[in-house]
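Residue numbers (the working numbering), protein chains in the order written: chain Z, 48 to 426; chain P, 613 to 983. We put the CB at the ideal spot given by N, CA and C, even for glycine. Here the structure is laid out as structure tokens; the discussion comes afterwards.
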Ligand code: SF4
Ligand code: SF4
């Protein structure tokens, strides 16, 4: 999937790889697949920037100088969730004063506001809550499609699909078929966390396992849906776990070609059961972006999700293999206070500036990476 | 890119890789067309030539802003209050001493003593302050009074800069911070800080300080109204003075930060971390005669502050128990010495504390006992 080199000698020179990465530089230049051991070596090599240059070469072969962004909105119908994942700061028990449950009307109203603000996509995910069952979601998807036929509905992590299937005593495939019939357009990549069973049991013991997650996406792809894939890093996992995770995704992608984008998610410890952990460093953020770009030779896009990374690290990630600068965008100017504690919102104008400053050409995309043409093009 | 442009870039890369002195043209080409990660690696190699090894230094210090009263009205500054303003203050010697007690409790070695340009505090007030600090806190170096402050003193005290520096030094001033350097090009200074010291005045104070044996740092605040060529001019003026005096210990760059001030109207798009890292890397390559390059975690945040160590920086600056100028400007990063250690260790370096003159103090962390 990565194009062959037109001038391998020039590419090799440009990589300026240290001697102990020369063999991997050769492989990357000649678009050869990297192994598990290669991945671990890339995680452990002290020269972070040399690893970044390898990933940047791959990104450039795939995407030239284009970097996309997307105007979307997230709607979370409820935060009530009994799953209690150790890393999660979102889920609440029903009795919690911060717990909320939206009605169908609430969701429709939210979506109307999103459309008015220019969103081409809504992203709907929620806690695992027995009242929000398959019938509830079928109804909301139908309602959304009826009112906003052009709005792309990207909904439900694989974890939710498995949960809905359990509630309704049907297979995940049946759930997917019914949701597709109701209007589901694609699936986000959440719930993947880390596939390794030992790590997984410590951070999200009650959640569906790796095989179930993979299987839901396999089925979704077979039914014609595109989806994304994520990985939550920077908690208790090691280099091998991250490589293993990404290679499982690569194996499925070989089969189905259904993943569009890989999204590394930086763990934020605040307000979670793992709040004693420091969270990832900026170096790890960039390393994960780069090594994932290099290993996932069959996935088109790697995202710099600035909501998690912060504007500054996300911009630098554009030089470490990322080609999609994503996160919810606001139209109104909200002063963006740097630092992970503060809520973040960037304007389209700021995003385009950050992409240009990184030496790339920004374009607005829809969910399926088609360029969006607006009547009044942003500056 | 044309063939000549490519070869100018390649030639600049080659000179940088060979450790040759870069021309101003080279630096402009690198800033304009260089690849971020290539520049980072070249700068990291330059850092290793200058300061070999895995040590990253920092200083335990604090900022004391003895007054916020200022008559200079810089458009980027959210800190100052004009004379007579109800929020204006001047700290007493006792208030300053209380802050130094807290610093001493942390093992601090430096106080960054700076203030607004107060219109009528006399020399005797400053001399008294410096003497009281030296008597009570001999281990704490007073790193104080940026060149614009010194120029301001010379004006209000009607005294040559040389004498101002000599009197302050005699009273206990240990070194001079590079604040107020901004961009040492008068076209730029006229836009962002028209009433502040001119570039010749700034450099003049530094030359005088160096001649009198005070070390100083050099700074650059960029990413506002300056062109790339002006950014390089700034570094060139620093490099020329350093060739003469060798008095600069370190170079510190930060991007213009502040969304709450008048300057924003003139600067639509403040620079991001990409430009910050690129500029720091080019600075490490260009300023071949300046021993150290600091990372600015205060303005860039801990993540990018830590990353800058991969782009040629070898020092993390100070822990800064408070940073009024920057926090008034909307940035609120804070760091304890322990967090600083963790940040440096997590990036794979060995943290060591230092003095203002970059003397590395004995290791302060327990070293691993071999099994
Ligand atoms: S299932 Fe999702 S919402 Fe529920 S606790 Fe786990 S991560 Fe949070
Ligand atoms: S930057 Fe310094 S000189 Fe300028 S207004 Fe602020 S306090 Fe005064």
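- Distances taken from the Cβ of residue 691 of chain P to the heavy atoms of ligand 2 include one shorter than 7 angstroms.
- Within a 10 Å sphere around the beta-carbon of residue 651 of chain P sit 16 or more other beta-carbons, which makes this residue buried.
- Residue pairing by DSSP puts residue 667 of chain P in a beta bridge opposite P:962.
- Secondary structure at residue 650 of chain P: helix, using DSSP grouped into helix, strand and coil.
- DSSP places residue 703 of chain P outside both helix and strand once states are collapsed to three, so it counts as coil.
- Residue 756 of chain P sits in a strand when the DSSP states are folded into three classes.
- Residue side-chain check: residue 729 of chain P places its Cβ nearer than 7 angstroms to a non-hydrogen atom of ligand 2.
- An exposed status is given to residue 770 of chain P, since fewer than 16 other beta-carbon atoms sit within 10 Å of its beta-carbon.
- Residue pairing of residue 273 of chain Z in beta bridges, as defined by DSSP: Z:233.
- Residues with their Cβ less than 6 angstroms from any non-hydrogen atom of ligand 1, running along the chain, are Z:128, Z:130, Z:131, Z:132, Z:135, Z:137, Z:138, Z:174, Z:175, Z:206, Z:251, Z:254.
- For residue 831 of chain P, not one C-beta of chain Z is nearer than 8 angstroms to its own C-beta.
- Between ligand 2 and residue 685 of chain P, a heavy atom-to-CB distance of less than 7 angstroms is present.
- If you check the CB distance, residue 201 of chain Z and residue 248 of chain Z do not come in under 8 angstroms.
- DSSP links residue 952 of chain P through a beta bridge to no other residue.
- Taking 7 angstroms as the cut-off between beta carbons, none of the residues of the segment 304-318 of chain Z comes near chain P.
- Within chain P, no residue has its beta carbon less than 8 angstroms from that of residue 286 of chain Z; the closest one is some 14 angstroms off.
- In the same chain as residue 672 of chain P, and ignoring 5 residues on each side of it, the C-beta atoms closer than 8 angstroms to its own belong to 715, 718, 719, 720, 721, 722, 930, 931, 949, 965, in chain order.
- Between residue 926 of chain P and residue 663 of chain P, the C-beta gap is smaller than 8 angstroms, which places the two residues in contact.
- By the neighbour-count definition (other C-beta atoms within 10 Å, threshold 16), residue 252 of chain Z is an exposed residue.
- The Cβ of residue 103 of chain Z sits closer than 8 angstroms to at least one Cβ of chain P.
- For residue 351 of chain Z, the uninterrupted beta strand (DSSP E) run begins and ends at 348-352, by DSSP.
- The three-state reading of DSSP puts residue 631 of chain P in coil, since its state is none of H, G, I, E or B.
- If you draw a straight line from the Cα of residue 177 of chain Z to the Cα of residue 330 of chain Z, it comes to about 40 angstroms.
- Residue pairing of residue 373 of chain Z in beta bridges, as defined by DSSP: Z:352.
- Residue side-chain check: residue 682 of chain P places its Cβ nearer than 7 angstroms to a non-hydrogen atom of ligand 2.
- As the crow flies, the alpha-carbon of residue 111 of chain Z is around 22 angstroms from that of residue 889 of chain P.
- The same chain holds no residue with a CB closer than 6 angstroms to that of residue 417 of chain Z once the five nearest residues on each side in sequence are set aside.
- Note that the C-beta distance between residue 869 of chain P and residue 791 of chain P is not below 8 angstroms.
- In this structure residue 655 of chain P touches residue 893 of chain P by the C-beta definition: roughly 4 angstroms separates them, less than 8 angstroms.
- Within the DSSP secondary-structure output, residue 409 of chain Z pairs in a beta bridge with Z:114.
- Cα atoms of residue 777 of chain P and residue 768 of chain P: separation of roughly 14 angstroms, rounded to the nearest angstrom.
- Secondary structure note for residue 307 of chain Z: it is in no alpha helix (DSSP H), and the uninterrupted beta strand (DSSP E) holding it is 306-313.
- At least one CB atom of chain Z sits nearer than 8 angstroms to the CB of residue 650 of chain P.
- Pairwise C-beta distances place the segment 227-242 of chain Z in contact with the segment 278-294 of chain Z, as three or more of them are shorter than 8 angstroms.
- Note that the segment 92-109 of chain Z touches the segment 51-67 of chain Z; at least 3 beta-carbon pairs, one per stretch, sit closer than 8 angstroms.
- For residue 770 of chain P, the CB stays at least 7 angstroms from every heavy atom of ligand 2.
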